[in-house]
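Enquirer: Residue numbers -26 to -1, 1 to 191, in mature numbering (1 follows the signal peptide of the UniProt record, and there is no 0), belong to the letters of the sequence shown in order.
Each residue gets a CB set at the ideal place from its N, CA and C atoms; glycine is no exception.
Below you'll find the structure I mean.
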Amino acid sequence: MPEIAMKLATLLRITIATVLITAAASQTKPTSYVNHTVGDDAGWFFNTSATNYTAWAATQTFNLGDYLIFKTSTNQTVFQTYNETTFKSCLVDDSSDNDTFQYDGGNTAFDQALTIPVPLTIEGPNYYFSDADDGAQCENGLAFEIKVNQGLGLPPSLNQPPPPPYIEPPGPDSAQSPPININGGSETPVTGGGAVAHTLAFGQALLLTVIIGSTVF
């Protein structure tokens, strides 16, 4: 009995040490950023017997600053969302501009090859899917979820503040003063010189009236 107890104690210590080593290894920070090719050689393509993208994602470790590389074509779409409800619906009808983004590679012609890099910039759950064919591609497996870890944090190239909001410049007519209506005249603004001359003429006439009035009385 004592020998059995000693063997069990030794086995327990080995098991604990193995668990601790595994936990420490899983918490080791990466030394570089990684490009993850989605689906490996299969790429990002719709097929009823397509790659299991959820299984593929489970084999990867994703960190801030990494990239997902979608090797695909214009027959599929690439949506990134942080909204689980949008992800589960396979549609973007009720999504927000702040949580759902489309990457199209700049080519909209049918059946054209695309390589789309998507940076990982938000820690936590990230969801990806194709909404093509009214969401049928997503419903049939062209979708997956990942968890993004802190890793090395965002590199400077991805850690920039957003640009200020665009403000439309005023039109060419907005800088002009509105015309001044003068009774009996045209819609031309009164210039500074004309106003001064009118004031001087009125003053001279008033002074002459006073002088004449004084002479009469």
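Is it buried or exposed, F44, if we count other Cβ atoms within 10 angstroms and call 16 or more buried?
Expert: The residue in question, F44, is buried, as its Cβ has 16 or more Cβ neighbours within 10 Å.
Enquirer: Give the straight-line distance between the Cα atoms of D15 and S69, rounded to the nearest whole angstrom.
Expert: Roughly 31 Å between the two C-alpha positions.
Enquirer: Do residue 197 and T89 have their C-beta atoms within less than 8 Å of each other?
Expert: What is shown of the chain runs -26 to 191, which leaves residue 197 out entirely.
Enquirer: State the Cα-Cα distance for the pair C64 and D78, rounded to the nearest angstrom.
Expert: One C-alpha to the other measures close to 17 Å.
Enquirer: Just to confirm, is the Cβ distance from V92 to Q54 under 8 Å?
Expert: For V92 and Q54, yes; Cβs fall inside 8 Å.
Enquirer: Sort N114, P144, S47 by Cα distance to T82 and report the nearest one.
Expert: Closest option to T82, Cα to Cα, is S47.
Enquirer: If I follow the unbroken beta strand (DSSP E) through S47, where does it start and stop?
Expert: Looking at the DSSP string, the run of the beta strand (DSSP E) that includes S47 is 41 to 47.
Enquirer: I'd like the span of the beta strand (DSSP E) that includes Y77, first residue to last.
Expert: Per DSSP, Y77 belongs to the beta strand (DSSP E) from 74 to 77.
Enquirer: Could you tell me the alpha carbon to alpha carbon distance between L132 and D105, rounded to whole angstroms?
Expert: Using only the alpha carbons, I get a separation of about 27 Å.
Enquirer: Do you know whose CA, among N123, I141, G145, E142, lies nearest V8's CA?
Expert: When each option's Cα is compared against that of V8, the closest is N123.
Enquirer: Using alpha carbons as the reference points, say which of G145, S6, L116 lies closest to K62.
Expert: Nearest of G145, S6, L116 to K62, Cα basis: L116.
Enquirer: Under the three-state reduction of DSSP, which class applies to K62: helix, strand or coil?
Expert: Helix, per DSSP.
Enquirer: Less than 8 Å between the beta carbons of D67 and Y56, yes or no?
Expert: Not a contact, by the Cβ cut-off of 8 Å.
Enquirer: CA-CA distance, G80 and V52?
Expert: If I take the Cα positions, the gap works out to 12 Å.
Enquirer: Can you check which of these residues, P130, T11, E142, L126, is closest to K3 by C-alpha distance?
Expert: Of the candidates P130, T11, E142, L126, the one whose C-alpha sits nearest the C-alpha of K3 is L126.
Enquirer: Beta-carbon separation of Y41 and F118 under 8 Å?
Expert: Contact flag unset, no.
Enquirer: If you drop the 5 nearest sequence neighbours on each side, which residues of the same chain put their C-beta closer than 8 Å to that of F84?
Expert: So the list reads T48, N49, once near-sequence residues are dropped.
Enquirer: Using the Cβ count rule (16 or more neighbours within 10 Å means buried), how would you classify I141?
Expert: With fewer than 16 Cβ atoms within 10 Å of its Cβ, I141 is classed as exposed.
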